[in-house]
Structure formats: C-alpha cells, structure tokens
Amino acid sequence: MNQKQQEQLQQGRQLINQGKYQRAIDILQPLNEQTADYQVNRALTEALYHDGQVQLAIKIAEDHVEDYLQSQGGAMQLVTLELAGQQFITARRQAAFVPKWQAELLKQVEAAEAKAQQEMGTSLNAKLKSFYHLGDGSFNKQRQRLIEAEQLPLSMYLTGALFLLRDPFTKPVIKSSLLETLQPLKIDRQVTILWLDDHEYRLNLRDLQPLTKVKEVVVAQQLIDEKYGQSDPSTLSAVNDQFQLQMIFLYPFINKAMVDPAAWVTAMTSFGKLVSPSKAVNDALKWQRKIQRLVDQMR
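The sequence shown lines up with residues 2 to 300 when you count with the working numbering.
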C-alpha cells in the first residue's frame with residue numbers, strides 16, 4: 002500500500018475504535034477492493050461485523066482465510082464472524098486447522114452452539130429435518146441442503162450425517178463431501194457407509210485422511226504431472242479436473258477401486274485408444290465408466 006492508502010487504513014481503524022462503523026466501512030470497502038490487503042480486509046470485516054453485516058463480513062474474510070489463521074487474534078476474529086453467521090461446522094474446521102489455539106477456539110464454538118440450541122431449538126430442528134430428507138431431492142437440492150446443514154451444531158450435524166451415509170438415495174458425491182467436511186475434526190466415532198459398490202463399510206471418522214494425502218492419489222497425481230506437466234499444460238488441466246472428480250466420488254475408499262495407480266492413469270488418459278488393455282487397466286476402466294454414469298445422472 003502507498004502512504005495515502007496506509008493513512009486511509011489508519012483512519013478506518015480510528016473510526017472503528019470510535020464506534021463509527023458505517024463511516025469506517027465507507028473508507029475501508031473501496032480500499033479493500035483497491036489493495037486486496039489482509040490488514041484492510043481484517044479492519045473491514047470488523048467494521049461490518051459491528052454494523053450487523055455478518056454475512057458480507059464472512060464473504061469478504063473468505064478471501065484471506067489462511068492469513069486469518071496465521072495469528073491467534075486473526076483466528077479468533079474469523080471464528081467469531083462464522084459463529085455470528087451460525088457457521089458452526091466451518092468454525093470447528095477452522096479451529097482444527099490451528100492446533101496451537103484449537104482448545105480455546107473450540108470453547109468459543111461450543112458456547113455458541115449451546116446458546117443456539119437453547120434460543121433457536123425450533124429453527125435448528127427444522128434444519129435437521131431438512132438435512133435428514135436431503136436424499137429426496139435432485140443433486141442441486143442435495144448440495145444446497147448440505148450447505149445449509151453447516152449451520153447445525155456438531156451433535157445435530159452428526160445425527161443427520163450418520164443417517165445420510167447409509168441412505169441409498171443420497172448421491173455418492175454428497176456422502177464423500179460429508180466425510181471431507183468431518184475429516185479435520187478427528188471425531189472418534191464409528192460410522193457405516195453405503196458405498197459406490199452397494200456394499201456397507203465401517204470406519205472411524207478419526208482415521209479419515211485428507212483426500213490429497215491418500216497414498217494412491219499422491220502416486221497417480223505424480224504420474225499425471227510427469228506425463229503432461231512440461232509438454233501439454235492444457236491437457237494436464239483437463240486431466241487433473243477429471244481425476245479430482247473421480248477421487249471425490251471414490252473417497253474415502255479410494256484404494257478399493259484404484260488398486261494400481263499407474264493402470265488407473267493409463268485407463269484415464271488412453272482416450273479409448275488401447276488395443277489390448279491389461280486386466281488392471283480394464284478394471285480401472287470399469288470403475289471410471291461407473292463414475293461417469295453417476296456424473297451423468299447429476300446433470
């Protein structure tokens with residue numbers, strides 16, 4: 002920022018300290034658009050929060066989530082914003098990403114959840130009911146209800162999620178999204194999942210890995226990068242998009258389908274030109290066609 006912009010930031014902070022939030026916003030909002038600076042962003046979201054514009058504050062803070070999580074004060078400000086917007090699950094995830102301050106942040110989350118259950122029980126129960134019936138709607142409706150469910154306290158969210166993981170009408174990609182959402186929280190809880198192969202499997206939520214850390218995913222990604230990284234960036238981008246979508250569908254049991262990462266990459270990048278594919282490649286092709294059929298059903 003140049004000197005004039007630094008002065009505008011300082012003026013905005015002074016107005017916040019004086020409780021003149023709208024005047025602060027009038028200065029900081031255009032400044033934030035000009036600079037995309039974290040310190041400006043943080044001052045602006047504070048002014049918006051105090052002015053009652055919580056949802057806008059959350060949206061603006063999302064541009065700098067990693068910066069907020071670099072300091073205790075920033076993390077507390079971000080979690081405070083999300084709790085004010087009833088984003089309980091997102092707030093818990095932010096706390097999980099900063100182990101140094103997790104315990105203190107979780108106290109803040111748990112207090113907000115308890116207050117919400119006491120003061121908004123009827124509204125929360127309606128949200129839970131909608132979450133339970135997520136499988137009844139189209140893919141777009143399921144996705145919307147999934148987003149809305151993050152406004153539930155964790156205990157209620159888990160109640161709905163455990164039911165939906167076994168629900169045959171819940172889209173597979175929604176089930177994997179549920180698990181990816183819960184993964185950072187490391188909850189010691191056994192769950193049962195009806196997976197893509199129409200079989201039920203048990204796992205402990207505590208043992209879930211981030212998708213990008215799954216061994217088979219790492220190996221396959223390296224093979225894709227080696228094949229296209231230097232020579233064909235446009236194909237690399239398209240193949241990466243396809244691969245990521247496939248992995249989302251297979252999560253958390255990726256190794257049940259992708260037994261051989263090299264064969265999986267060969268099947269995915271052969272574009273139907275293999276004359277005599279091996280058994281491993283044929284097996285990969287069967288899974289990839291199954292996933293594509295599921296993708297087509299979502300349209």
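Glycine included, every Cβ here is placed at the ideal spot set by N, Cα and C.
Query, Result
"Going by Cα to Cα distance, which pick from Asp64, Gly53 and Pro185 is closest to Ala37?", "Asp64"
"Buried or exposed: which applies to Val219, given that a residue is buried once 16 or more other Cβ atoms fall within 10 Å of its Cβ?", "exposed"
"For Gln12, which residues of its own chain have a beta-carbon under 7 angstroms away from its beta-carbon, when the five flanking residues on both sides are left out?", "Ile28"
"Please report the Cβ distance between Val41 and Leu49, rounded to the nearest whole angstrom; I am assuming they are in contact, meaning their Cβ atoms lie under 8 angstroms.", "Val41 to Leu49, Cβ: 12 angstroms. No contact."
"Report the residue from Leu295, Tyr39, Glu8 and Glu47 whose alpha carbon sits nearest the alpha carbon of Gly20.", "Glu47"
"So, are the CB atoms of Ala127 and Val110 less than 7 angstroms apart?", "no"
"For Val215, which residues from the same chain have a beta carbon less than 7 angstroms from its beta carbon, with the 5 sequence-adjacent residues on both sides left out?", "Ile255"
"Should Ala115 be labelled buried (16 or more other beta-carbon atoms within 10 Å of its own) or exposed?", "exposed"
"May I ask which residues mark the beginning and end of the alpha helix (DSSP H) holding Thr46?", "Tyr39 to His51"
"Within its chain, find whatever has a CB closer than 6 angstroms to the CB of Asp261; leave out the 5 residues flanking it on each side and keep chain order.", "Ala281"
"If contact is defined by three or more beta carbon pairs under 8 angstroms, each pair taking one atom from either stretch, is the stretch 196-207 in contact with the stretch 141-157?", "no"
"Use the C-beta contact count for Phe170: other C-beta atoms within 10 angstroms, 16 or more gives buried, fewer gives exposed.", "exposed"
"In chain order, what residues of the same chain lie with their CB nearer than 8 angstroms to the CB of Val66, ignoring the 5 residues before and after it?", "Leu79 and Gln95"
"For my contact list, Ile249 and Val296 are in at a C-beta cut-off of 8 angstroms; report their separation, rounded to the angstrom.", "Actually they do not touch by this definition, with Cβ atoms about 10 angstroms apart."
"Which class does Glu1 belong to by DSSP, given the choice of helix, strand or coil?", "Since the first residue shown for the chain is 2 and the last is 300, residue 1 is missing from the structure and cannot be characterised."
"Can you name, in chain order, every residue of its own chain whose Cβ lies under 8 angstroms from the Cβ of Gln30, other than the five neighbours on each side?", "Leu45"
"Tell me the DSSP secondary structure of Thr171 in three-state form.", "coil"
"Give the DSSP-derived three-state secondary structure of Leu135 in the structure shown.", "helix"
"Here's the rule: buried if 16 or more other CB atoms are within 10 angstroms of the residue's CB, otherwise exposed. What is Ser235?", "exposed"
"Relative to the C-alpha of Ile148, which residue among Glu227, Gln88, Gln9 and Tyr202 is closest?", "Gln88"
"Exposed or buried, which one is Lys287 when buried takes at least 16 other CB atoms within 10 Å?", "exposed"
"Which partner residues does Leu195 have in the DSSP bridge list?", "Glu201"
"Rounded to whole angstroms, what's the CA-CA distance from Ser139 to Ser178? Just pull it up for me.", "16 angstroms"
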